[in-house]
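Data block below; observations after.
In our numbering, the protein residues as written are 1116 to 1208.
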């Protein structure tokens, strides 16, 4: 996903958002929905990549579950690296 964001930024972001990708991505922040321990870091990386575009940032802010799930992920994050990345995303939104 991140590679597509870098190579085909505008087109890919538009397609991702049109396909309700933000909502699907945010659902994976829920610990019960994760399939691996590395998933929160990957999700945060994609959210950071999305936050570099105006449309992506707007989608993060407008997604009703994004900020609450980021706050929940902040309290459950196992390491300071993830906590700091979540805090950065929350300050952007």
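The beta carbon of each residue, even a glycine, is placed where N, CA and C say it ideally should be.
From a predicted model like this one, the values you see are computed outputs, not experimental measurements.
Per DSSP, residue 1149 lies in no alpha helix (DSSP H) and is assigned neither H nor E. Taking 8 angstroms as the upper bound for CB-CB distance, residue 1155 and residue 1192 are in contact here, some 7 angstroms apart. Taking 7 angstroms as the cut-off, the beta carbon of residue 1188 is found closer than this to the beta carbon of residue 1144. A distance below 6 angstroms between beta-carbons, with the five flanking residues on each side excluded, links residue 1200 to the following residues of its chain, in chain order: 1159. Rounded to the nearest whole angstrom, the C-alpha separation of residue 1182 and residue 1176 is 7 angstroms. Excluding residues up to 5 positions away in sequence, 1137, 1138 and 1141 lie with their Cβ nearer than 8 angstroms to the Cβ of residue 1178 in the same chain.
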